[in-house]
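Below is one structure, written out as structure tokens; the observations come after it.
2 protein chains.
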Amino acid sequence: MAATYDGAIQELIDAFAQLPGIGPKGAQRIAFYILGADRRSAQDLADAIVAAKEKVRFCEICGNVCETSPCPICQDPRRDRSIICVVEEPKDVMSIERTGEYRGLYHVLGGAIDPMSNVGPGDLRIPELLKRLGTDQVKEVMLALDPNIEGEATTTYLGRLLGPLDLRVTRLASGLPVGSDLEYADEITLGRAISGRRDL
Amino acid sequence: MAATYDGAIQELIDAFAQLPGIGPKGAQRIAFYILGADRRSAQDLADAIVAAKEKVRFCEICGNVCETSPCPICQDPRRDRSIICVVEEPKDVMSIERTGEYRGLYHVLGGAIDPMSNVGPGDLRIPELLKRLGTDQVKEVMLALDPNIEGEATTTYLGRLLGPLDLRVTRLASGLPVGSDLEYADEITLGRAISGRRDL
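In order, the protein sequences belong to chains A and B.
Residue 62 in full-length UniProt numbering sits at position 62 of the first sequence; the count goes up by one each step and never skips.
Residue 37 in full-length UniProt numbering sits at position 37 of the second sequence; the count goes up by one each step and never skips.
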């Protein structure tokens, strides 16, 4: 007998092992957890997968995931319509919402410029962003891309593209993470913290 | 707006966050992976969960998970029926099968004695084990429980229970893991390796 499980168990393990962040051991652990759980909760998990796939769509305005288009943020009359925060992915919207510091609108690009993966500006929702900027309402675009190579390239590209427009274009501050130790900061982060120093 | 996603997305994240080894960030990452994947593979994952739950049962003889009872190992005429390996969980059967060193039968206890979690000998498949030992065929019981407190307690308990029977009762060797460094071995493991030393 080969060292694999009977059909349905192995198929379940294989299905979980394909998900991001789950290795073969983790997939096995999850599969046995499901086999040990009651039938109802296993069915709930299966239903949640199918329901999310069926119900979820992308907002026609900002590109965020939602069940109604336009999404609740784009529809909310209390949001500040003069500022648009540009992010890479829908999950970045949630990260910024959690801070409670931002009350404007969003624009999800759907990624960042990454020549190694053949993602160019044409693959991102940049025309949709320019169309939104055509109205008088928007006074500021806040670029909130990931602080890595792809995010920096996209920030630079958008900075040049939006520069000629009559808008304030800003980006998130780089510097030391709150609660961290100066001693353990890498040189680039510490350099950014110095060049971006502020008056007390 | 609260910092949660629209209904179906949040339900999917919550469903995954309940699985072992998956935290809130990991659950979010998996949920967005599924939303980005094609509908077919999301449906396959949902189907695998339901199918495994429906098809999988426990072998009436050894307690291993299987689609047919008795399981393929218990039914296999080439297995050595004179030795039974006692393990805690079905996944332990697979770990021992992968070594290719064992050709006997198994008995899955369904856990280990753990007073902290209110698991006593009565909660394990020990009566089923004793019933199997009633036949003349079985000459040896090999205890292969986890080398932790619960596994040791169960090994001790079973050792006393099976001692009076006309059987060889063995346990897995403790010692240094192959490929490891003597310098980094903990004192208990190194102590076991010394007390269990063998002649060359």
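From the three backbone atoms N, C-alpha and C, an ideal C-beta is built for every residue, glycine too.
Residue i to residue j, Cα distance in whole Å?
| i | j | result |
| --- | --- | --- |
| Val-86 (chain B) | Gly-120 (chain B) | 16 Å |
| Glu-187 (chain A) | Val-141 (chain A) | 29 Å |
| Asp-136 (chain B) | Ile-126 (chain B) | 18 Å |
| Lys-91 (chain B) | Gln-28 (chain A) | 8 Å |
| Asp-166 (chain A) | Ile-61 (chain A) | 21 Å |
| Lys-139 (chain B) | Ile-83 (chain B) | 6 Å |
| Val-169 (chain A) | Gly-104 (chain A) | 14 Å |
| Glu-101 (chain B) | Gly-179 (chain B) | 19 Å |
| residue 209 (chain B) | His-107 (chain B) | Since the first residue shown for chain B is 1 and the last is 200, residue 209 (chain B) is missing from the structure and cannot be characterised. |
| Ile-34 (chain A) | Lys-53 (chain B) | 7 Å |
| Arg-197 (chain A) | Leu-158 (chain A) | 24 Å |
| Leu-182 (chain B) | Val-93 (chain B) | 29 Å |
| residue 202 (chain A) | Pro-164 (chain A) | With chain A running from 1 to 200 in the structure shown, residue 202 (chain A) is simply not present. |
| Cys-59 (chain B) | Asp-47 (chain B) | 23 Å |
| Arg-98 (chain B) | Arg-57 (chain A) | 44 Å |
| Met-116 (chain A) | Asn-148 (chain A) | 14 Å |
| Leu-143 (chain B) | Arg-132 (chain B) | 15 Å |
| Arg-78 (chain B) | Gly-36 (chain B) | 47 Å |
| Ala-153 (chain A) | Gly-111 (chain A) | 12 Å |
| Gly-191 (chain A) | Tyr-184 (chain A) | 13 Å |
| Asn-118 (chain B) | Ile-73 (chain B) | 31 Å |
Measure the CB-CB distance between residue i and residue j and report whether it falls below 7 Å.
| i | j | result |
| --- | --- | --- |
| Leu-176 (chain A) | Ala-193 (chain A) | yes |
| Ile-13 (chain A) | Ala-31 (chain A) | yes |
| Leu-124 (chain B) | Leu-109 (chain B) | yes |
| Val-65 (chain B) | Ile-9 (chain A) | yes |
| Ile-49 (chain B) | Leu-45 (chain A) | yes |
| Ala-161 (chain B) | Glu-88 (chain B) | For clarity, residue 161 (chain B) is Leu in the given sequence; the question names Ala instead. No, they are not a contact pair. |
| Gly-21 (chain A) | Gly-26 (chain B) | yes |
| Ala-15 (chain B) | Pro-24 (chain B) | no |
| Asp-38 (chain A) | Glu-67 (chain B) | no |
Starting from residue i, follow its DSSP beta bridges and name the residues at the other end.
| i | result |
| --- | --- |
| Cys-66 (chain A) | A:Arg-57 |
| Leu-143 (chain B) | B:Val-86 and B:Arg-171 |
| Val-108 (chain B) | B:Val-87 |
| Asp-80 (chain B) | B:Gly-104 |
| Asp-38 (chain A) | Partner(s): none; Asp-38 (chain A) has no beta bridge. |
| Asp-114 (chain A) | A:Val-119 |
Listing by chain order, which chain A residues have their CB less than 9 Å from the CB of residue i?
| i | result |
| --- | --- |
| Met-142 (chain B) | None at all; the shortest Cβ gap to chain A is about 18 Å. |
| Pro-90 (chain B) | Tyr-5, Ile-9, Phe-32 and Leu-35 |
| Lys-101 (chain B) | Going by the sequence as given, residue 101 (chain B) is Glu instead of Lys. Ordered by position in chain A, no residue passes the 9 Å Cβ test against Glu-101 (chain B), which lies about 12 Å from the chain. |
| Val-65 (chain B) | Tyr-5, Asp-6, Ile-9, Phe-32 and Leu-35 |
| Met-94 (chain B) | Ala-3, Thr-4, Tyr-5 and Gln-28 |
Against residue i, what residues of chain A qualify as contacts under a CB-to-CB distance less than 7 Å, listed in chain order?
| i | result |
| --- | --- |
| Pro-20 (chain B) | Arg-29, Ile-30 and Tyr-33 |
| Val-56 (chain B) | Ala-8, Ile-9 and Leu-35 |
| Asp-44 (chain B) | Ala-15 |
Please compile the residues from chain A whose C-beta is within a distance smaller than 8 Å of the C-beta of residue i.
| i | result |
| --- | --- |
| Tyr-106 (chain B) | Under the 8 Å cutoff, chain A gives no residues; its nearest Cβ is about 12 Å from Tyr-106 (chain B). |
| Glu-150 (chain B) | Here the premise fails: no neighbours, minimum Cβ distance about 17 Å. |
On the CB-based measure, 16 or more other CB atoms within 10 Å of its CB, does residue i come out buried or exposed?
| i | result |
| --- | --- |
| Asp-80 (chain A) | exposed |
| Leu-19 (chain B) | buried |
| Thr-155 (chain B) | buried |
| Gly-151 (chain A) | buried |
| Asp-199 (chain B) | exposed |
| Asp-76 (chain A) | exposed |
| Met-1 (chain B) | Residue confidence is low: Met-1 (chain B) scores 41 on pLDDT, short of 50, so the model does not pin down where it sits. Its coordinate-derived value is still stated next. Exposed is the call here. |
Given that residue i touches chain B, what residues does it touch there, using C-beta distances under 8 Å?
| i | result |
| --- | --- |
| Glu-11 (chain A) | Ala-48, Ala-51 and Ala-52 |
| Arg-39 (chain A) | Lys-53 |
Could you work out which residues of chain B lie near residue i, taking near to mean beta carbons separated by less than 7 Å?
| i | result |
| --- | --- |
| Gly-26 (chain A) | Gly-21 |
Can you pull the chain B neighbours of residue i, defined as C-beta to C-beta under 9 Å?
| i | result |
| --- | --- |
| Val-119 (chain A) | The premise fails here: Val-119 (chain A) is roughly 14 Å from chain B at the closest Cβ pair, so nothing lies under 9 Å. |
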